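A.B. asks: Numbering (the UniProt record's numbering), first residue to last: 1 to 521. Sending over a structure as structure tokens; questions will come in a sec.
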């Protein structure tokens with residue numbers, strides 16, 4: 001006996017998708033999945049998933065591209081929830097009543113589509129105007145502002161919509177890296193240009209379809225945007241802000257090549273960002289403070305509180321989500337200034353790669369405050385130039401310095417770096433260009449650790465009177481380990497020949513006969 005064949009016309013079709021079911025009970029279960037659990041649909045096929053993670057696994061396995069599906073309107077949810085509230089509704093009232101109720105539920109989805117048709121009428125009305133006429137004052141006065149915003153929102157969304165359709169078609173056939181780059185550049189240009197238009201004031205934040213873009217394409221667009229672009233952008237919705245927070249490290253951050261804070265006779269801030277130099281002189285603030293309080297006899301005492309206030313105010317503006325390649329603080333560093341600078345850097349989310357402190361008075365600065373200042377900034381490299389009273393530097397501060405990836409110490413007086421501190425050195429590029437407390441045995445032990453590959457040092461300079469007494473045996477096993485020792489009295493230059501380029505190896509012999517040790521930092 002042949003099985004019963006069910007004709008296609010007898011199936012009950014879901015108006016929310018293209019799925020057809022043979023019974024009203026299965027249809028109700030299908031609609032229930034639409035509204036409760038399985039809200040994540042693959043845009044390349046009709047499969048639904050309970051969680052977003054399941055959909056991503058499905059797309060990765062089958063090579064599909066997924067977007068966030070349109071959310072079911074509240075009107076549709078209301079009618080279908082009323083339908084599902086009574087489980088016996090379809091049984092008592094028949095399938096025709098169920099279809100009627102589903103038709104009413106579909107009105108909610110049609111209501112959203114009706115807005116698009118109204119925008120089409122707006123487009124036909126304004127299509128005859130040119131771009132200059134749209135931006136003219138007479139056009140803005142003659143038409144309602146909300147009408148203009150509606151047209152701009154439609155024109156922008158329609159262009160992006162057409163682009164997304166072509167992009168999804170390419171993804172289904174297999175897209176190349178060049179197409180992805182082109183897609184990223186086009187969407188980035190659209191995102192930057194629309195907020196800058198004079199008529200785009202008040203445009204809805206949902207205009208740019210972040211939710212419909214693939215996650216990989218969203219991240220690529222973020223890589224082409226800087227923090228200043230997002231500050232001027234009015235088209236980022238709440239969902240995109242969450243994505244930005246998750247992928248903040250991938251974004252382009254503002255890069256400040258050099259920032260100098262000099263507090264000698266005057267206090268000023270020198271900032272160079274992408275080749276553009278800005279010198280902010282705080283002398284005017286100090287002059288105003290001095291004129292307002294003529295009883296003050298000392299210029300520095302009258303201007304120091306105002307200096308800190310002006311400095312913190314400017315740093316909050318300049319150092320917003322930026323990377324400082326080189327931060328230099330020259331003279332006059334106090335405990336109060338260290339606290340103010342570290343708070344500004346941490347509040348602005350700023351990262352420092354190289355920190356240079358010149359003419360630091362180790363006696364007037366608390367060592368615990370200096371150590372806390374280093375911990376708060378956490379630079380990858382530290383450079384101390386001509387500190388006053390270097391013997392006042394604590395061992396904790398020196399341990400932190402030698403633990404950086406790069407460090408440079410230069411002073412005419414003796415710095416309290418002994419054999420124990422040298423043994424804790426983990427820097428790959430360093431220079432100790434000042435008298436120290438390192439002995440001959442400590443220098444030999446350090447060289448042996450380098451040869452045994454317990455310390456990964458690319459190159460290092462150590463000021464030592466014992467550099468010229470290395471015996472031939474030490475030189476041989478250092479050469480076998482890929483290290484080269486260059487003795488230029490009173491320095492010992494240790495270089496790892498394994499990690500140097502060919503051009504740098506050619507200059508090693510020149511450094512041997514030279515009386516000048518360059519700074520590699």
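All C-beta atoms in this analysis are idealised placements derived from N, C-alpha and C, irrespective of residue type, glycine included. Fair warning: this is a prediction, and the values are worked out from it, not measured in the lab.
#1: Determine contact between the region 343–351 and the region 359–375, defined as no fewer than three beta-carbon pairs at a distance below 8 Å.
#2: Quick check on residue 12: buried or exposed, where buried means 16 or more other Cβ atoms within 10 Å of its Cβ?
#3: Nearest by alpha-carbon distance to residue 328: which of 361, 339, 365 and 257 is it?
#4: Where does residue 256 sit, in a helix, a strand or coil, going by DSSP?
#5: If the criterion is Cβ atoms closer than 7 Å, does the pair residue 428 and residue 457 meet it?
#6: Given a cut-off of 7 Å on the beta-carbon distance, is the pair residue 394 and residue 410 in contact?
#7: Looking at the secondary structure, which residues open and close the beta strand (DSSP E) in which residue 322 lies?
#8: Roughly how many angstroms lie between the CA atoms of residue 20 and residue 323, to the nearest whole one?
#9: On a Cα-Cα basis, can you pick out the residue from 364, 47 and 376 that is closest to residue 350?
#10: Quick check on DSSP: helix, strand or coil for residue 438?
#11: Rounded to the nearest angstrom, what separates residue 27 and residue 47 at their Cα positions?
#12: Find the nearest neighbour of residue 383 within the set 58, 430, 422 and 331, judged by alpha-carbon distance.
#13: Using 10 angstroms around the beta-carbon of residue 436, count the other beta-carbons present and answer buried if the total reaches 16, otherwise exposed.
#14: Mind checking residue 41: buried by the 16 CB within 10 Å criterion, or exposed?
#15: Give the C-beta separation of residue 255 and residue 325 to the nearest angstrom, bearing in mind that I take them to be a contact with Cβ-Cβ under 8 Å.
#16: Give the DSSP-derived three-state secondary structure of residue 407 in the structure shown.
#17: Quick check for students: name the residue ranges of the alpha helix (DSSP H) that lie wholly in the region 412–437, counting only runs of 4 or more.
#18: Report yes if the CB atom of residue 360 is closer than 7 Å to the CB atom of residue 398, and no otherwise.
#19: List the endpoints of the continuous alpha helix (DSSP H) containing residue 344.
#20: Return the first residue and the last residue of the beta strand (DSSP E) that residue 352 is part of.
#21: Which whole-angstrom value is the C-beta distance of residue 432 and residue 463, which I expect to be below 8 Å?
#22: So which of 390, 441, 29 and 446 has the shortest CA-CA distance to residue 426?
#23: Going by CA-CA distance only, name the one from 357, 312, 331 and 269 that's closest to residue 340.
#24: Between residue 415 and residue 390, is the Cβ-Cβ spacing less than 7 Å?
#25: What residues match up with residue 377 in a beta bridge as DSSP calls it?
#26: Helix, strand or coil for residue 269, going by three-state DSSP, please let me know.
#27: Hey, residue 330 and residue 358 are a contact pair by Cβ (cut 8 Å); roughly how many whole angstroms apart?
#28: Check this for me: beta carbons of residue 363 and residue 392, under 7 Å apart or not?
#29: Which stretch, first to last residue, makes up the alpha helix (DSSP H) that contains residue 401?
#30: Closest to residue 353 by C-alpha separation, out of 338, 439, 407 and 396, would be which residue?
#31: Return yes when the Cβ of residue 44 is within less than 7 Å of the Cβ of residue 30, no when it is not.
#32: Alpha carbons only, please: which of 442, 57, 412 and 386 is nearest the one belonging to residue 418?
#33: If we count the other Cβ atoms within 10 Å of its Cβ and call it buried at 16 or more, is residue 22 buried or exposed?
#34: Of the choices 318, 57 and 413, whose alpha-carbon is the least far from that of residue 385?
#35: Would you identify the three-state DSSP class for residue 64, choosing helix, strand or coil?
#36: Which same chain residues, not among the five before or five after residue 319, have their C-beta less than 7 Å away from its C-beta?
C.D. replies: Considering the structure as presented:
#1: No: fewer than three Cβ pairs fall under 8 Å.
#2: Counting every other CB atom within 10 Å of its CB across the protein chains shown gives residue 12 a total of 16 or more, marking it as buried.
#3: Between residue 328 and the set 361, 339, 365 and 257, the nearest pair of CA atoms involves 257.
#4: In this structure, DSSP gives residue 256 an extended state, which the three-state scheme calls strand.
#5: The Cβ atoms of residue 428 and residue 457 lie closer than 7 Å to each other.
#6: Not closer than 7 Å, so no.
#7: Taken as a continuous stretch (DSSP letters only), the beta strand (DSSP E) holding residue 322 covers 322–330.
#8: Roughly 57 Å separates the two Cα atoms.
#9: The candidate whose alpha carbon is nearest that of residue 350 is 376.
#10: Three-state result, residue 438: coil.
#11: Inter-residue distance for residue 27 and residue 47 is about 16 Å (C-alpha atoms, whole angstroms).
#12: The residue with the shortest Cα to Cα distance from residue 383 is 430.
#13: Residue 436 should be labelled buried.
#14: Under this definition residue 41 is a buried residue.
#15: Their Cβ separation, rounded to whole angstroms, is 7 Å, which keeps residue 255 and residue 325 in contact under 8 Å.
#16: DSSP places residue 407 in strand when its eight states are reduced to three.
#17: Entirely contained in the region 412–437, the alpha helix (DSSP H) runs reaching 4 residues are, in chain order, 419–423.
#18: Not in contact: residue 360 and residue 398 (Cβ atoms no closer than 7 Å).
#19: Unbroken alpha helix (DSSP H) run through residue 344: 335–347.
#20: Residue 352 -> beta strand (DSSP E) spans 351–358.
#21: With 8 Å as the limit, residue 432 and residue 463 qualify as a contact, their Cβ atoms being about 6 Å apart.
#22: For residue 426, the nearest C-alpha among the options comes from 446.
#23: Ranking the options by Cα distance to residue 340, first place goes to 312.
#24: For the pair residue 415 and residue 390, the CB atoms are nearer than the 7 Å cut-off.
#25: For residue 377, which the question treats as bridged, DSSP gives no partner whatsoever.
#26: It is a strand residue.
#27: That pair is a contact at about 4 Å.
#28: Taking a C-beta distance under 7 Å as the contact criterion, residue 363 and residue 392 qualify as a contact pair.
#29: Residues 395–402.
#30: The residue among 338, 439, 407 and 396 with its C-alpha nearest the C-alpha of residue 353 is 407.
#31: Not in contact: residue 30 and residue 44 (Cβ atoms no closer than 7 Å).
#32: For residue 418, the closest alpha carbon among the candidates 442, 57, 412 and 386 is that of 442.
#33: Under this definition residue 22 is an exposed residue.
#34: Of the candidates 318, 57 and 413, the one whose C-alpha sits nearest the C-alpha of residue 385 is 413.
#35: The DSSP-derived three-state label of residue 64 is coil.
#36: Counting only Cβ-Cβ distances below 7 Å, and skipping sequence neighbours, we find 344, 345, 348 and 350.
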